[in-house]
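Residue numbers (this note's numbering): 83 to 213. C-beta: ideal position from N, C-alpha, C; glycine also. In this text the structure is predicted, and so the values were computed from the model without any measurement.
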């Protein structure tokens, strides 16, 4: 596996090998993004206990506080019983405060819908989407 004109040799296979090991565990997760102007938010939704974190911090630390409820909207609409089954990890970059908030809201909504479609069933996904 020496370095050749095809790229980095064996190093290109290392991420694939690492991924195979983690897929054997219960890795039920989906990744979705939301955009508003130049702000991009990425939501990783996976099976869990209802934790929501933004850039590693709890979601209740979001600034500005006036717009914090906008991020809560998708979670409040779905209700506690649906949201307590998943953990959501959020990352956001670019744009201003307001655009970031709306990008986060879109990423959360799309992520939860995608998770329910992939791991629960189509009927509950439709039900969530219609809310």
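- Message: Taking the alpha helix (DSSP H) that residue 169 belongs to, which residues open and close that run?
- Response: Reading the chain shown from its first residue, position 87 is the one you call residue 169. Premise fails: residue 169 lies in the beta strand (DSSP E), 168 to 175, not in any alpha helix (DSSP H).
- What does DSSP give as the partner residues of residue 24 in its beta bridges? For residue 24 there is no data in the structure shown, the boundaries of the chain being 83 and 213.
- Query: Can at least three beta-carbon pairs, one atom from the stretch 110 to 124 and one from the stretch 170 to 186, be found at a separation below 8 Å?
  - Reply: Touching, yes, given that three or more Cβ pairs across the two stretches are closer than 8 Å.
- Stretch pair the stretch 138 to 153 + the stretch 175 to 189: three plus CB contacts closer than 8 Å: Segments in contact, yes.
- Item | Exposure of residue 158, with buried meaning 16 or more beta-carbon neighbours within 10 Å | Along the chain shown, one-based indexing puts residue 158 at 76. Exposed, because fewer than 16 other Cβ atoms sit within 10 Å of the Cβ of residue 158.
- Query: At which residues does the alpha helix (DSSP H) containing residue 208 begin and terminate?
  - Reply: The residue labelled residue 208 in the question sits at position 126 within the chain shown. In the DSSP annotation of this structure, the continuous segment of the alpha helix (DSSP H) that includes residue 208 starts and ends at 204 to 212.
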